[in-house]
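What follows is a set of notes on a single structure, which appears directly below.
Chains as they are written, first to last, in the numbering used here: chain A, 6 to 343; chain C, 6 to 343.
Here is the structure:
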């Protein structure tokens, strides 16, 4: 398999990006194509032992930054590493593209400039894997689309289900809609109309769930509009990291606590790992015509390696074909004239 | 001060409700009026030492349960403890009403049957106090209104600001709008239009904030539509309680961890207290014409006592007059004919 990696993606690029590529090339035996400023990438690569590994470098003279505006960067930087990497996928030079860069820019470049949408997809969605308490859930959309329509929500469900099938190795993922309660009158108009569509579709739709239901098991895919999905994942991240900060503060406040923390260090390490978003690495942009995995900007080498693993899984699971097939079932019926 | 308490409010009523009333009567010296099934309430009260305390009982033959539908309970149970308690406030027999019961029912009974809206208020809002990392923020709406309009959001800001002024003893609370980022193109249509209104209003509006900004300090009031606000607080609650569960699991997994946890027990107790929603006790229903404090259904006696403290603060701070004055500034200008 050939996986293109944005060497200019992460906040501290190209250091973790190149390091992650080296680990992935060794661990998976795939060809990793580093896309970015060739001089910088080769210099960074020179710091690693790459004997026997299949690593290529493709030059891209420009790079997208976190400051670039998603709406204009596609036009302003046509030779960015994102453009070049996604074009590799489009033209068959790579099976997937992985980036830890600007998510909005990746979405816009993929959708409007290089890969474009899979036929029938109304709006591509950002997905993410939520992991807490040892259970993983795929959530979409987590930020691509703010004001959504019910038929987009249906497609988010179908696309995320396609991903969940092979990411979790389950035949019939349980799909839920994020809402503020089961009770009568709860939810927005969008939620009520989306629930009707999901109910009528060929999906294992288990109904509306509240945030607390996500951590109890029983849900594989949770659908939200991009605004609410984004608030969900950012609130989870902020709450858990703030709580850990509070705990750390208290555990260093006096000697017995410090000693206790020392004894319990392996336990805390396991906790950290259990909730570490970097263990997942990234998640696909659903609905664009090629596998694109978006990782966290703060990715370290391990996170990059894991994002590459997500890309392999998506290619092996034939994500694009599965989405194409799924969304074709939501297409408006052809004209009655036959 | 005379505070009416729904004795039939909490999930395990009337036990914590009555116990909380006794503590509050002793601690604050106020008159607490227990509203509920007189026989049950007096029996429960008999288990406490109430010598010298000013506690009254007002009979209400019916009680709202968590299963009652907010849309119909007002009509179906006109003699519930919520009706009777709110009518006491309306008719001057009490200065405030506190309940740990069904929030939707309280909202509907207050708005449609007893206290009604303060003149000029478009939609009452549920508020809550978010506390994590030692910082408190008032959030509104957290569940009363799902599909909101920008002018309602402006009023939520004004009403929550009125509450924040005396709850936090600050003159000019910093008001923010919950969104998914500062970047261009972020937010929904509702957020963009609400931001324009908040910007133009006589408010200390500091702009849009993401969930992570809420825990950094710098924000006193955060405004959201009731759907998003509800997702926010429920995600916070679910994330932190799940994380604590994960930590507890790991801390009992082996002997050194168990020992460490034992040594650090006082530290963990401080953490629990810092994030305990019961320390706040409750928050007002903003916009109804009388002080109504809603507590958590799972309230213990301490939470009930703290909810009563919130009621005192709201009465002392003259919440209703402050909201009346605030919303009058948002009223459409009188006809040009003068």
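The C-beta atom is built at its ideal place from N, Cα and C for all residues, glycine as well.
Short CB-CB distance (under 8 Å) between residue i and chain C
i              : result
residue 296(A) : no
residue 15(A)  : no
residue 232(A) : yes
residue 225(A) : no
residue 2(A)   : Summary: the structure shown does not reach residue 2(A), with chain A confined to residues 6 through 343, and so no result is reported for it.
residue 243(A) : yes
residue 275(A) : yes
residue 255(A) : yes
residue 302(A) : no
residue 340(A) : Residue placement at residue 340(A) cannot be trusted, given a pLDDT of 45 that sits under 50; the coordinates are not used to answer.
residue 52(A)  : no
residue 240(A) : yes
residue 215(A) : yes
residue 21(A)  : no
residue 269(A) : yes
Residue i - DSSP class collapsed to helix/strand/coil
i              : result
residue 267(C) : helix
residue 284(C) : helix
residue 208(A) : coil
residue 189(C) : For residue 189(C), the predicted model reports a pLDDT of 47, less than 50, meaning its position is unreliable; a value from the coordinates is still stated below. In the structure shown, residue 189(C) sits in coil (DSSP, three-state: anything other than H, G, I, E or B).
residue 105(A) : coil
residue 23(C)  : helix
residue 234(A) : helix
residue 255(A) : helix
residue 41(C)  : strand
residue 305(C) : coil
residue 175(A) : coil
residue 323(A) : coil
residue 213(A) : strand
residue 183(C) : strand
residue 46(C)  : helix
residue 194(A) : helix
residue 9(A)   : strand
residue 300(C) : strand
Beta-bridge partners of residue i, as assigned by DSSP
i              : result
residue 335(A) : Partner(s): none; residue 335(A) has no beta bridge.
residue 66(C)  : Bridge partners of residue 66(C): none, in fact.
residue 378(C) : Outside the shown range of chain C, which is 6 to 343, sits residue 378(C), and nothing can be said about it.
residue 140(A) : 137(A)
residue 132(C) : 145(C)
residue 276(C) : DSSP lists no partner for residue 276(C).
residue 240(A) : None; residue 240(A) has no bridge partner.
Minimum Cβ-Cβ distance from residue i to chain A less than 8 Å
i              : result
residue 220(C) : yes
residue 29(C)  : no
residue 262(C) : yes
residue 37(C)  : no
residue 284(C) : no
residue 117(C) : no
residue 265(C) : yes
Residue i versus residue j: straight-line alpha-carbon distance, rounded
i              : j              : result
residue 332(C) : residue 325(C) : 11 Å
residue 143(C) : residue 70(C)  : 27 Å
residue 311(A) : residue 303(A) : 13 Å
residue 189(C) : residue 240(A) : Any reading at residue 189(C) needs caution, since the residue's pLDDT is 47, under 50, leaving its predicted position unreliable; the model's value is listed next. In a straight line, the C-alpha of residue 189(C) is about 21 Å away from that of residue 240(A).
residue 208(C) : residue 147(C) : 20 Å
residue 167(A) : residue 109(A) : 23 Å
residue 133(C) : residue 28(A)  : 47 Å
residue 10(A)  : residue 245(A) : 30 Å
residue 17(A)  : residue 79(A)  : 22 Å
residue 315(A) : residue 271(A) : 27 Å
residue 277(A) : residue 220(C) : 20 Å
residue 48(A)  : residue 36(A)  : 19 Å
residue 344(C) : residue 130(C) : Coverage of chain C is limited to positions 6 through 343, which leaves residue 344(C) absent and any answer about it impossible.
residue 150(A) : residue 224(C) : 27 Å
residue 309(C) : residue 102(A) : 55 Å
residue 301(A) : residue 21(A)  : 12 Å
residue 41(A)  : residue 180(A) : 38 Å
residue 253(A) : residue 274(A) : 13 Å
residue 285(A) : residue 202(A) : 30 Å
9 Å Cβ cut-off: residues of chain E touching residue i
i              : result
residue 305(C) : The displayed structure is made up of protein chains A and C, and chain E is not among them.
Contact residues within the segment 181-202 of chain C, judged by C-beta distance below 9 Å to chain A
183, 184, 185, 186, 188, 189, 190, 191, 192, 193, 194, 195, 196
In the segment 119-144 of chain A, which residues sit with their C-beta less than 9 Å from some C-beta in chain C, listed in chain order?
137, 138, 139
Taking only beta carbons into account, state which residues of the segment 90-112 of chain A come closer than 9 Å to chain C, listed in chain order.
109
Output, in sequence order along the chain, the residues in the segment 68-83 of chain C whose CB is closer than 8 Å to any CB in chain A.
74, 75, 76
Just by C-beta distance, which residues in the segment 144-158 of chain A are closer than 8 Å to chain C?
148, 151, 152
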